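To start, the structure itself, in C-alpha coordinates.
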(Lines of atoms letter the chains of each structure in order from A and count residues from 1; the text may use other names and numbers.)
(Lines give C-alpha, C1' and ligand atoms only; values in the text may rest on other atoms or scores of the structure.)
Protein backbone atom coordinates (compact mmCIF):
# COMPACT_ATOMS: atom_id res chain seq x y z
CA UNK A 1 0.00 0.00 0.00
CA UNK A 2 1.36 3.41 -0.94
CA UNK A 3 1.24 5.92 1.86
CA UNK A 4 1.67 9.61 0.97
CA UNK A 5 1.93 10.83 4.52
CA UNK A 6 2.26 8.98 7.81
CA UNK A 7 1.87 10.29 11.30
CA UNK A 8 3.67 8.16 13.88
CA UNK A 9 2.35 8.58 17.36
CA UNK A 10 4.67 6.88 19.85
CA UNK A 11 3.14 6.49 23.25
CA UNK A 12 6.03 5.38 25.44
CA UNK A 13 6.62 5.35 29.19
CA UNK A 14 7.00 8.80 30.68
CA UNK A 15 5.84 10.70 27.55
CA UNK A 16 2.49 8.91 27.27
CA UNK A 17 -1.16 9.62 27.99
CA UNK A 18 -3.66 11.95 26.40
CA UNK A 19 -3.38 15.71 27.09
CA UNK A 20 -0.19 15.10 29.09
CA UNK A 21 1.52 18.15 27.61
CA UNK A 22 -0.55 20.95 29.08
CA UNK A 23 1.05 24.36 29.58
CA UNK A 24 -1.80 26.31 31.18
CA UNK A 25 -1.11 27.20 34.81
CA UNK A 26 -2.89 25.23 37.53
CA UNK A 27 -3.43 26.33 41.11
CA UNK A 28 -2.93 23.81 43.87
CA UNK A 29 -5.44 23.65 46.71
CA UNK A 30 -2.91 24.94 49.21
CA UNK A 31 -2.00 27.96 47.07
CA UNK A 32 -3.45 31.45 47.34
CA UNK A 33 -3.76 33.78 44.34
CA UNK A 34 -1.88 37.02 45.02
CA UNK A 35 -2.08 38.74 41.62
CA UNK A 36 -4.42 38.14 38.69
CA UNK A 37 -4.32 39.57 35.19
CA UNK A 38 -6.98 38.22 32.80
CA UNK A 39 -6.66 34.45 32.94
CA UNK A 40 -3.13 34.64 34.34
CA UNK A 41 -2.30 34.63 38.02
CA UNK A 42 0.55 34.46 40.52
CA UNK A 43 0.23 32.53 43.77
CA UNK A 44 1.92 32.93 47.13
CA UNK A 45 4.22 30.01 46.19
CA UNK A 46 5.25 31.76 42.96
CA UNK A 47 6.17 34.86 44.97
CA UNK A 48 8.16 32.88 47.53
CA UNK A 49 10.18 31.28 44.74
CA UNK A 50 11.52 34.65 43.56
CA UNK A 51 12.57 35.90 46.98
CA UNK A 52 16.16 35.30 48.16
CA UNK A 53 16.72 33.88 51.61
CA UNK A 54 17.21 36.29 54.54
CA UNK A 55 15.82 39.25 52.59
CA UNK A 56 14.46 42.16 54.65
CA UNK A 57 10.75 43.07 54.55
CA UNK A 58 11.54 46.35 52.84
CA UNK A 59 13.68 44.74 50.13
CA UNK A 60 11.15 41.93 49.79
CA UNK A 61 8.35 44.40 49.08
CA UNK A 62 10.48 46.16 46.42
CA UNK A 63 11.40 42.90 44.73
CA UNK A 64 7.80 41.69 44.64
CA UNK A 65 6.54 45.03 43.28
CA UNK A 66 9.16 45.02 40.50
CA UNK A 67 8.51 41.37 39.65
CA UNK A 68 4.74 41.85 39.44
CA UNK A 69 5.12 44.87 37.15
CA UNK A 70 7.39 42.96 34.76
CA UNK A 71 5.12 39.89 34.95
CA UNK A 72 2.02 41.90 34.00
CA UNK A 73 3.86 43.61 31.11
CA UNK A 74 5.00 40.25 29.76
CA UNK A 75 1.55 38.65 30.06
CA UNK A 76 -0.05 41.65 28.34
CA UNK A 77 2.31 41.31 25.38
CA UNK A 78 1.73 37.54 25.24
CA UNK A 79 -2.07 38.04 25.13
CA UNK A 80 -1.74 40.70 22.43
CA UNK A 81 0.54 38.42 20.41
CA UNK A 82 -1.94 35.53 20.60
CA UNK A 83 -4.69 37.83 19.33
CA UNK A 84 -2.73 39.00 16.30
CA UNK A 85 -0.41 36.18 15.23
CA UNK A 86 -1.83 33.79 12.63
CA UNK A 87 -2.90 30.28 13.60
CA UNK A 88 -0.08 28.53 11.72
CA UNK A 89 2.58 30.55 13.57
CA UNK A 90 0.90 29.83 16.90
CA UNK A 91 0.89 26.13 16.04
CA UNK A 92 4.59 26.29 15.22
CA UNK A 93 5.28 27.97 18.57
CA UNK A 94 3.22 25.34 20.40
CA UNK A 95 5.21 22.57 18.70
CA UNK A 96 8.48 24.19 19.73
CA UNK A 97 7.21 24.45 23.31
CA UNK A 98 6.36 20.75 23.28
CA UNK A 99 9.81 19.86 21.92
CA UNK A 100 11.53 22.13 24.43
CA UNK A 101 9.57 20.62 27.32
CA UNK A 102 10.44 17.13 26.10
CA UNK A 103 14.13 18.08 25.93
CA UNK A 104 14.00 19.42 29.49
CA UNK A 105 12.25 16.27 30.73
CA UNK A 106 14.71 13.97 28.98
CA UNK A 107 17.68 15.93 30.30
CA UNK A 108 16.30 15.90 33.85
CA UNK A 109 15.55 12.17 33.65
CA UNK A 110 18.97 11.49 32.18
CA UNK A 111 20.59 13.29 35.12
CA UNK A 112 18.42 11.24 37.48
CA UNK A 113 19.51 7.99 35.82
CA UNK A 114 23.17 9.01 35.90
CA UNK A 115 23.03 9.92 39.58
CA UNK A 116 21.21 6.69 40.42
CA UNK A 117 23.13 4.22 38.28
CA UNK A 118 26.60 5.59 37.50
CA UNK A 119 29.57 6.09 39.78
CA UNK A 120 32.45 8.46 39.11
CA UNK A 121 34.96 5.68 39.68
CA UNK A 122 36.19 3.33 36.97
CA UNK A 123 38.45 0.28 37.32
CA UNK A 124 42.07 1.08 36.52
CA UNK A 125 42.11 -1.97 34.24
CA UNK A 126 39.29 -0.57 32.07
CA UNK A 127 41.05 2.77 31.63
CA UNK A 128 44.37 1.06 30.86
CA UNK A 129 42.71 -1.31 28.38
CA UNK A 130 41.22 1.62 26.47
CA UNK A 131 44.59 3.36 26.44
CA UNK A 132 46.38 0.28 25.06
CA UNK A 133 43.87 0.00 22.21
CA UNK A 134 43.91 3.70 21.31
CA UNK A 135 47.45 4.90 22.04
CA UNK A 136 47.74 6.56 18.65
CA UNK A 137 44.73 8.73 19.51
CA UNK A 138 46.64 10.55 22.24
CA UNK A 139 49.62 12.38 20.71
CA UNK A 140 51.07 15.03 22.98
CA UNK A 141 50.09 18.60 22.11
CA UNK A 142 53.05 19.97 24.10
CA UNK A 143 56.30 18.92 25.76
CA UNK A 144 55.78 17.20 29.11
CA UNK A 145 58.28 16.49 31.87
CA UNK A 146 58.91 14.77 35.16
CA UNK A 147 61.12 16.90 37.38
CA UNK A 148 62.51 17.68 40.80
CA UNK A 149 63.49 21.00 42.30
CA UNK A 150 64.64 22.35 45.64
CA UNK A 151 65.51 25.74 47.04
CA UNK A 152 68.12 25.92 49.80
CA UNK A 153 69.83 28.67 51.74
CA UNK A 154 73.01 29.88 50.12
CA UNK A 155 75.00 28.64 53.09
CA UNK A 156 73.90 25.05 52.25
CA UNK A 157 74.67 25.32 48.52
CA UNK A 158 77.73 23.06 48.21
CA UNK A 159 76.36 20.17 50.27
CA UNK A 160 72.88 20.47 48.76
CA UNK A 161 74.18 20.51 45.18
CA UNK A 162 76.23 17.36 45.78
CA UNK A 163 73.23 15.54 47.24
CA UNK A 164 70.86 16.82 44.50
CA UNK A 165 73.11 15.72 41.63
CA UNK A 166 74.05 12.29 42.98
CA UNK A 167 70.91 10.58 41.64
CA UNK A 168 70.75 8.48 44.79
CA UNK A 169 67.38 8.32 46.57
CA UNK A 170 69.04 8.22 49.98
CA UNK A 171 70.97 11.39 49.15
CA UNK A 172 67.77 13.09 48.02
CA UNK A 173 66.12 12.12 51.31
CA UNK A 174 69.06 13.71 53.13
CA UNK A 175 68.67 16.81 50.98
CA UNK A 176 64.97 17.03 51.87
CA UNK A 177 65.90 17.23 55.55
CA UNK A 178 67.92 20.36 54.79
CA UNK A 179 65.09 21.88 52.71
CA UNK A 180 62.37 21.14 55.26
CA UNK A 181 64.47 22.38 58.17
CA UNK A 182 65.01 25.71 56.44
CA UNK A 183 61.36 25.96 55.30
CA UNK A 184 62.20 26.44 51.64
CA UNK A 185 60.22 25.31 48.58
CA UNK A 186 60.63 21.98 46.80
CA UNK A 187 58.96 19.52 44.40
CA UNK A 188 59.54 15.79 44.78
CA UNK A 189 56.62 14.25 42.86
CA UNK A 190 59.02 12.79 40.34
CA UNK A 191 56.61 10.24 38.85
CA UNK A 192 53.98 12.80 37.80
CA UNK A 193 53.97 14.32 34.29
CA UNK A 194 53.53 18.07 33.83
CA UNK A 195 53.30 20.32 30.82
CA UNK A 196 56.68 22.02 30.41
CA UNK A 197 54.88 25.31 29.82
CA UNK A 198 53.59 25.44 33.41
CA UNK A 199 57.03 25.08 35.05
CA UNK A 200 57.56 28.86 35.39
CA UNK A 201 54.29 29.05 37.35
CA UNK A 202 55.45 26.27 39.68
CA UNK A 203 59.04 27.53 39.90
CA UNK A 204 58.92 31.35 39.77
CA UNK A 205 62.72 31.53 39.51
CA UNK A 206 62.41 30.20 35.95
CA UNK A 207 60.65 33.37 34.83
CA UNK A 208 62.76 35.76 32.85
CA UNK A 209 65.74 35.34 30.54
CA UNK A 210 65.90 31.96 28.81
CA UNK A 211 65.82 29.91 31.99
CA UNK A 212 63.08 27.53 30.86
CA UNK A 213 64.65 26.92 27.43
CA UNK A 214 68.06 26.35 29.04
CA UNK A 215 66.55 23.90 31.52
CA UNK A 216 64.84 21.88 28.78
CA UNK A 217 68.04 21.80 26.70
CA UNK A 218 70.47 20.95 29.49
CA UNK A 219 67.98 18.99 31.67
CA UNK A 220 69.27 20.72 34.81
CA UNK A 221 69.66 24.29 36.01
CA UNK A 222 70.91 26.18 39.06
CA UNK A 223 69.61 29.68 39.76
CA UNK A 224 71.22 31.78 42.47
CA UNK A 225 70.09 35.01 44.08
CA UNK A 226 71.24 36.89 47.19
CA UNK A 227 69.95 34.38 49.75
CA UNK A 228 68.68 31.26 47.94
CA UNK A 229 69.90 28.66 45.50
CA UNK A 230 67.32 26.83 43.38
CA UNK A 231 68.24 23.59 41.61
CA UNK A 232 65.98 22.02 39.00
CA UNK A 233 66.43 18.67 37.24
CA UNK A 234 64.40 17.24 34.34
CA UNK A 235 64.14 13.51 35.02
CA UNK A 236 62.18 12.61 31.89
CA UNK A 237 60.98 14.56 28.86
CA UNK A 238 58.50 13.60 26.18
CA UNK A 239 58.36 16.00 23.23
CA UNK A 240 55.27 17.36 21.54
CA UNK A 241 53.82 14.92 18.99
CA UNK A 242 55.10 11.79 20.72
CA UNK A 243 52.88 9.17 22.31
CA UNK A 244 51.41 10.35 25.61
CA UNK A 245 52.20 8.29 28.72
CA UNK A 246 49.26 6.56 30.38
CA UNK A 247 49.31 8.55 33.63
CA UNK A 248 49.21 11.84 31.73
CA UNK A 249 46.07 11.00 29.71
CA UNK A 250 44.40 8.86 32.37
CA UNK A 251 42.03 11.67 33.55
CA UNK A 252 41.07 12.39 29.92
CA UNK A 253 40.29 8.73 29.22
CA UNK A 254 38.31 8.42 32.45
CA UNK A 255 36.09 11.37 31.51
CA UNK A 256 35.70 10.01 27.99
CA UNK A 257 34.55 6.59 29.25
CA UNK A 258 32.19 8.10 31.83
CA UNK A 259 30.59 10.35 29.20
CA UNK A 260 30.23 7.35 26.89
CA UNK A 261 28.46 5.44 29.65
CA UNK A 262 26.13 8.36 30.25
CA UNK A 263 25.17 8.51 26.56
CA UNK A 264 24.71 4.74 26.38
CA UNK A 265 22.53 4.76 29.48
CA UNK A 266 19.91 7.03 27.94
CA UNK A 267 20.22 5.43 24.50
CA UNK A 268 19.66 1.95 25.94
CA UNK A 269 16.59 3.19 27.82
CA UNK A 270 15.13 4.75 24.69
CA UNK A 271 15.61 1.50 22.76
CA UNK A 272 14.06 -0.48 25.60
CA UNK A 273 10.99 1.78 25.80
CA UNK A 274 10.55 1.72 22.03
CA UNK A 275 10.73 -2.08 21.99
CA UNK A 276 8.18 -2.29 24.81
CA UNK A 277 5.87 0.07 22.90
CA UNK A 278 6.01 -2.20 19.85
CA UNK A 279 5.45 -5.36 21.91
CA UNK A 280 2.49 -3.79 23.71
CA UNK A 281 0.97 -2.43 20.48
CA UNK A 282 1.25 1.15 21.79
CA UNK A 283 2.40 2.60 18.45
CA UNK A 284 -0.44 3.70 16.22
CA UNK A 285 0.18 4.56 12.57
CA UNK A 286 -2.65 6.45 10.94
CA UNK A 287 -2.78 6.71 7.15
CA UNK A 288 -3.89 10.05 5.76
CA UNK A 289 -7.01 9.60 3.55
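Numbering (UniProt numbering), first residue to last: 1 to 289. By construction, the Cβ of each residue, glycine as well, lies at the ideal position given by its N, Cα and C atoms. This one's a predicted model, so the numbers in the text were calculated from it and none came from an experiment.
Quick check: residue i and residue j, are their CB atoms within less than 8 Å of each other?
| i | j | result |
| --- | --- | --- |
| residue 254 | residue 122 | yes |
| residue 148 | residue 187 | yes |
| residue 150 | residue 179 | yes |
| residue 228 | residue 154 | yes |
| residue 67 | residue 93 | no |
Compute the Euclidean distance between the alpha carbons of residue i and residue j, then round it to the nearest angstrom.
| i | j | result |
| --- | --- | --- |
| residue 205 | residue 223 | 7 Å |
| residue 298 | residue 103 | The chain is shown from 1 up to 289; residue 298 falls before or after that span and cannot be answered. |
| residue 211 | residue 221 | 8 Å |
| residue 21 | residue 275 | Because the pLDDT at residue 21 is just 42, under 50, the model does not fix this residue reliably, and the value given afterwards should be weighed accordingly. If you take the alpha carbons of residue 21 and residue 275, they lie about 23 Å apart. |
| residue 63 | residue 48 | 11 Å |
| residue 277 | residue 90 | 31 Å |
| residue 164 | residue 142 | 27 Å |
| residue 82 | residue 106 | 29 Å |
| residue 292 | residue 268 | The question about residue 292 has no answer, for the chain in this structure spans 1 to 289. |
| residue 35 | residue 285 | 45 Å |
| residue 26 | residue 118 | 35 Å |
| residue 157 | residue 230 | 9 Å |
| residue 109 | residue 44 | 28 Å |
| residue 197 | residue 189 | 17 Å |
| residue 146 | residue 261 | 32 Å |
| residue 202 | residue 77 | 57 Å |
| residue 216 | residue 132 | 29 Å |
| residue 225 | residue 152 | 11 Å |
| residue 86 | residue 31 | 35 Å |
| residue 168 | residue 160 | 13 Å |
| residue 270 | residue 134 | 29 Å |
If I'm right that residue i touches residue j with Cβ under 8 Å, what's the distance once you round it to whole angstroms?
| i | j | result |
| --- | --- | --- |
| residue 258 | residue 120 | 7 Å |
| residue 233 | residue 213 | Not really, about 16 Å apart at Cβ, beyond 8 Å. |
| residue 265 | residue 114 | 7 Å |
| residue 144 | residue 238 | 5 Å |
Report yes if the C-beta of residue i is less than 7 Å from at least one heavy atom of the ligand HEM; otherwise report no.
| i | result |
| --- | --- |
| residue 159 | Only the bare structure without any ligand can be found here, which leaves the ligand HEM out of the picture. |
### Message
So within the stretch 96 to 183, which uninterrupted beta strand (DSSP E) runs reach at least 3 residues, ignoring any that extend past its ends?
### Response
144 to 153
### Task
Inspect the CB distances between the stretch 63 to 73 and the stretch 37 to 47 and report whether three or more fall short of 8 Å.
yes
### Message
Contact between the stretch 240 to 257 and the stretch 126 to 143 is defined here as three or more beta-carbon pairs at a separation below 8 Å; is this criterion met?
### Response
yes
### Contiguous alpha helix (DSSP H) assignments of at least 4 residues, all confined to the stretch 25 to 69
Within the stretch 25 to 69, the complete alpha helix (DSSP H) runs of at least 4 residues are 44 to 50.
### Query
Fully enclosed by the stretch 224 to 259, which beta strand (DSSP E) runs are 3 residues long or longer?
228 to 238
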